[in-house]
Each structure stands twice: as structure tokens, then as C-alpha cells.
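Accompanying notes for the structure given below.
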Amino acid sequence: MNSTVKAYFEAFGRGDVEGMLACLDEDVAHHVNEGQVRRGKAAFRAFCEHMNRCYREELTDMVIFEAEGGTRAAAEFIVNGTYLQTDEGLPEASGQTYRLPAGSFFSLENGKITRVVTYYNLADWIRQVGG
1 MNSTVKAYFE AFGRGDVEGM LACLDEDVAH HVNEGQVRRG KAAFRAFCEH
51 MNRCYREELT DMVIFEAEGG TRAAAEFIVN GTYLQTDEGL PEASGQTYRL
101 PAGSFFSLEN GKITRVVTYY NLADWIRQVG G
């Protein structure tokens, strides 16, 4: 199992944005589900701060896969969340809970994550929160 990716998800589980950032390359490319590619640690930090305002999430059933050579990794997991604050363009938040399968893909160089891609079914999430 890739130790950098494991550390990244452990930091996520603690709500430790700084710990997540420590796993990233300075010029990380963050491919957001249904969104634009964000570049760099500052953009990643802003995304995490926004997510922490709107959502409380715990990841379970985590399985991390690593490609030979350690330059690529992937993870499959379940997002168990609570919708805390209305996110722009999405249904109104009222503390709804959701359970959503998701996956992330990573590129790595020199022990740092250079690319993060996360996918989940947005339509399923909207159905679960009553949109």
C-alpha cells in the first residue's frame, strides 16, 4: 500500500488539512468531481476549507491499490456524510445524511501526490439529500 496515499486519507479522517497538504506536491493538480481542475496547494486548501464548512464526512470500507513502481495509486471507499451548509448550486442543506460509493486516483512523484482525481455519483447524492 502506498504510504503517501495512506497518510493522505488518515489526515482526511482526522480533519487535518495541513496533514493532507503535506502529502501533496506544490503544483498538485486536483480534478474535482463535476468541476474544474485546481492547481497548487493554495487551491487545494481553499477547496478543503469549503468542504469542511458544507460537509462532515467519514470514509469507510477503504481499499487502496498501488500500481507497480509506486507512481500511481487508487482508492475505493464509502463516503458517510452529513450535509451541513448549503453548497452553491446544490439542494438546500438541513443536516441530511448520505452514504455514497466513491473513488480517488493518484499520480505520485518523489513521495508526493502530483494529481488527485475523485469520482462519485452526483445524481445519487442529490437523490439522497432530497434534491
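So the sequence shown is numbered by the UniProt record's numbering: it starts at 1 and just counts up by one.
The C-beta atom is built at its ideal place from N, Cα and C for all residues, glycine as well.
Indicate the three-state DSSP secondary structure (helix, strand or coil) for D16 in the structure shown. Here residue 16 corresponds to residue number 16 of the sequence shown, with the count starting at 1. In the displayed model, D16 falls within coil according to three-state DSSP, outside both helix and strand.
Go to L122, then tell me how far its beta strand (DSSP E) extends in each direction, as first and last residue. For the purposes of this step, residue 122 is identified with residue 122 of the sequence shown, where counting begins at 1. Looking at the DSSP string, L122 is not in any beta strand (DSSP E); the run it does join, the alpha helix (DSSP H), is L122 to Q128.
Leaving aside the five residues before and after V17 along the sequence, list all residues of the same chain whose C-beta is less than 8 Å from its C-beta, in chain order. Locating residue 17 in the sequence shown gives position 17, where the first residue counts as 1. Around V17: A11, R45, C48, E49 and N52.
Between I126, A74, E88 and G89, which lies nearest to Q96 when the distance is taken from Cα to Cα? As a first step, residue 96 must be located in the sequence shown, where it is residue number 96. Looking at the Cα atoms, I126 is the closest of the given residues.
Under 8 Å: do the segment 22-36 and the segment 58-71 share three or more Cβ pairs, one atom per stretch? Cβ pair count under 8 Å is below three, so no.
Rounded to the nearest angstrom, what separates D25 and Y98 at their Cα positions? Taking the first residue of the sequence shown as position 1, residue 25 is located at position 25. Taking the first residue of the sequence shown as position 1, residue 98 is located at position 98. Straight-line Cα distance between these residues: approximately 31 Å.
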